[in-house]
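See below for the structure under consideration.
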Amino acid sequence: MVSNSLSMPENVTPGFNKFSKNQFFVLNLETMTTADYLSGIKAGDPTVLRQLYQSMFPLVGKMVQEQGGTDEDARDVFQEATIVLFNKSKSPEFSIDFQFNTYFSAVCRNIWSNKRTKKSNSGVTINEEVTLLADGSDLELDFITMERQRVFDMAFLLLGADCQKLLRLFFEKVSMGEIAEKMGFASEGYARRRKFQCKDRLVELVKQQPQYQELTQV
Amino acid sequence: MQKQALQEIIEQYLDDALSPGERQAFEKRLKEDPALRQELELQRQLQHDFDGERLQLRANLQKIMAAPLQPRSAVPWWLWLLGLFGILMLGWNFWPRQAPIHVEPTALPPADAPKAPTRAPVPPIPNPESQPDYRPMAMNDPADFKPNPGMEAFVNSNIRSEVIDVKLSSPRNGLEIKPDKKGLSNIRFAGIAIAQSGMQPKGFIISFFDNRDANNPLFAMPLPVQDVVEGRLEFDLWQQLQFKPGLYYFTVEAEDAGALLYAGKFFVRQ
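This is the structure in structure tokens:
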């Protein structure tokens with residue numbers, strides 16, 4: 001009834017949709033590209049990490065739990081997979097020829113497969129490299145390095161904030177004089193003493209990690 | 219103290235900072251002492267495995283993963299927006315009514331008059347009381363004149379934007395229009411918009427709605443700005459539009475910002 005009686009003036013915009021203009025700005029993180037994820041992981045960007053966790057952890061959790069793993073196992077797998085991508089993204093040659101989700105899932109499956117085998121076979125596969133995708137080139141994981149880094153990181157993050165700060169400076173080859181200055185210590189001698197104490201504590205914590213014994217046996 | 223001295227010797231050895239004599243002596247000790255070799259290896263690994271960025275990443279991950287996972291919504295984002303719009307429309311219904319802004323009634327030009335130049339003076343305005351009372355006649359369908367509650371709330375809410383204040387001198391709210399012999403309704407859209415500093419809209423969009431559907435405009439057309447003086451914009455546009463008899467609503471929004479600035483209504487009666 002309306003259409004018969006209404007004609008458009010010449011300067012009318014047919015089909016104009018009043019909500020098609022930029023009225024709503026929605027940051028749709030679901031549209032993040034592989035490059036966005038990789039650069040976010042490389043930079044440790046909390047927004048990207050949160051999005052990664054939100055979008056991928058439920059899938060990882062489901063996969064692990066369906067195969068007899070626990071929530072804790074799933075968390076470990078997710079974290080290790082992220083670290084794997086961090087390590088790989090440092091290489092300028094590294095690229096992903098798959099969708100990010102596919103690649104990340106494959107890395108998680110790979111890590112979980114290794115963990116599962118290790119659980120049932122007392123660690124006999126820890127020094128194996130597993131390739132899951134057909135072309136394989138980027139999915140070879142060095143599980144020994146992964147485990148060693150994990151042991152180190154977990155021990156390091158158990159240190160107090162002061163020790164963490166001091167050892168970061170020390171491992172980054174900052175001189176003891178500068179460390180004393182940055183940490184507000186009275187002397188370089190005291191900085192040396194504190195460095196010794198912190199590092200000694202780190203060694204102790206590393207040795208307390210359950211995976212440390214496995215690594216020394218390999 | 220001995221332990222600290224040993225740790226420092228190991229570090230110097232790893233950094234290649236020992237003198238040749240010290241190095242030789244240390245390597246001799248290494249051959250004889252398996253525990254020292256193990257300690258050296260551990261220190262080497264600590265140094266090798268340290269990566270500040272990776273540690274930061276792991277710390278961030280641990281923090282993020284400590285928080286409970288937000289439940290994933292099965293509802294797509296655009297449905298949320300649609301819901302939000304619905305809530306806003308509902309809000310307008312309950313918003314306290316404000317008196318409509320005062321507008322000066324204007325007369326329409328003769329139907330066959332040429333399009334008025336935009337700068338032409340506004341014709342004298344007759345007393346609205348003297349205008350003929352176009353009551354719906356037999357040929358007008360009463361259903362086409364039934365007020366749309368959503369749009370009425372919209373019109374009565376006297377929409378005000380925080381950045382652009384639009385006032386229309388024409389058409390006055392609820393204007394009755396009698397189409398000419400060709401069935402064309404002459405409508406003049408004139409008024410001013412006062413924009414806050416920094417805002418300079420390029421133009422406006424008028425969208426027309428019938429009394430049945432408040433969500434989908436019948437059509438929309440640009441309303442160009444004629445004059446701009448220090449944030450005060452004027453517009454004056456004559457249009458000949460063909461409407462069947464009925465109640466119509468229109469909205470004005472900024473072309474670039476898309477913000478809704480004004481809502482009005484008019485009647486077309488035979």
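Protein chains in written order, with the numbering used here: chain A, 1 to 218; chain B, 219 to 488.
Ideal placement from N, C-alpha and C gives every residue a C-beta, glycine not left out.
Own chain, CB closer than 8 Å to residue i, minus 5 neighbours either side, in chain order
i	result
Leu159(A)	Leu167, Cys198, Arg201, Leu202 and Leu205
Gln225(B)	Gln261
Thr216(A)	none
Lys364(B)	Asn429 and Leu465
Lys42(A)	Phe86, Ser89 and Lys90
Asp362(B)	Asp428, Asn429, Lys462, Pro463, Gly464 and Leu465
Under the three-state DSSP convention, the category residue i falls into
i	result
Ala243(B)	helix
Lys385(B)	strand
Ala432(B)	coil
Val443(B)	coil
Leu159(A)	coil
Asp142(A)	coil
Lys173(A)	coil
Thr47(A)	helix
Glu471(B)	strand
Ile319(B)	For Ile319(B), the pLDDT reaches just 44, beneath the cut-off of 50, and the residue's location in the model is therefore unreliable, leaving the point undetermined.
Leu451(B)	strand
Ile96(A)	coil
Gln349(B)	Note on Gln349(B): pLDDT 46, under 50, position unreliable in the model; the coordinate value appears next. Correct three-state label for Gln349(B): coil.
Ala35(A)	helix
Ser113(A)	helix
Arg487(B)	coil
Leu236(B)	coil
Gln256(B)	helix
Ala413(B)	strand
Phe426(B)	strand
Leu188(B)	Since the first residue shown for chain B is 219 and the last is 488, residue 188(B) is missing from the structure and cannot be characterised.
Phe372(B)	helix
Ala277(B)	helix
Euclidean distance between Cα positions of residue i and residue j
i	j	result
Asn366(B)	Phe407(B)	22 Å
Gly177(A)	Ile83(A)	33 Å
Lys119(A)	Leu59(A)	22 Å
Leu38(A)	Thr70(A)	27 Å
Met154(A)	Glu245(B)	31 Å
Lys90(A)	Arg276(B)	16 Å
Asn87(A)	Ala284(B)	23 Å
Arg194(A)	Asp233(B)	20 Å
Arg487(B)	Asp431(B)	19 Å
Leu254(B)	Glu181(A)	32 Å
Ser388(B)	Gly449(B)	21 Å
Glu214(A)	Leu287(B)	32 Å
Lys115(A)	Gly40(A)	27 Å
Phe152(A)	Ser113(A)	22 Å
Leu300(B)	Phe185(A)	60 Å
Ser237(B)	Ala223(B)	16 Å
Phe453(B)	Ile382(B)	14 Å
Trp456(B)	Val470(B)	15 Å
Lys207(A)	Leu264(B)	12 Å
Pro435(B)	Trp310(B)	18 Å
Ser375(B)	Thr47(A)	40 Å
Asp45(A)	Phe171(A)	23 Å
Leu308(B)	Thr34(A)	41 Å
Gln444(B)	Phe372(B)	26 Å
Cys108(A)	Phe156(A)	24 Å
With 16 other Cβ atoms within 10 Å as the buried cut-off, status of residue i
i	result
Trp298(B)	exposed
Lys281(B)	exposed
Ile405(B)	buried
Glu147(A)	buried
Lys209(B)	Given that chain B is displayed from residue 219 to residue 488, the structure contains no residue 209(B) and the question cannot be resolved.
Gly482(B)	buried
Leu441(B)	buried
Gly392(B)	exposed
Gln274(B)	exposed
Ala472(B)	buried
Arg75(A)	buried
Tyr190(A)	exposed
Leu49(A)	buried
Glu93(A)	exposed
Sequence-distant residues of the same chain with beta carbon closer than 6 Å to residue i, five excluded per side
i	result
Ala438(B)	Ile423 and Ser425
Leu169(A)	Ile179
Tyr467(B)	Met369, Phe427 and Lys483
Ser403(B)	Ile395, Pro397, Leu459, Phe461 and Val486
Ile228(B)	Leu258 and Gln261
Leu248(B)	Leu254 and Arg255
7 Å Cβ cut-off: residues of chain C touching residue i
i	result
Ile282(B)	Among the protein chains of the structure shown, namely A and B, there is no chain C.
Neighbourhood of residue i by C-beta distance below 7 Å, restricted to the same chain and skipping five residues each side
i	result
Phe303(B)	none
task: Ignoring anything shorter than 4 residues or poking outside the region 43-87 of chain A, list the alpha helix (DSSP H) runs there in chain order.
output: 46-66
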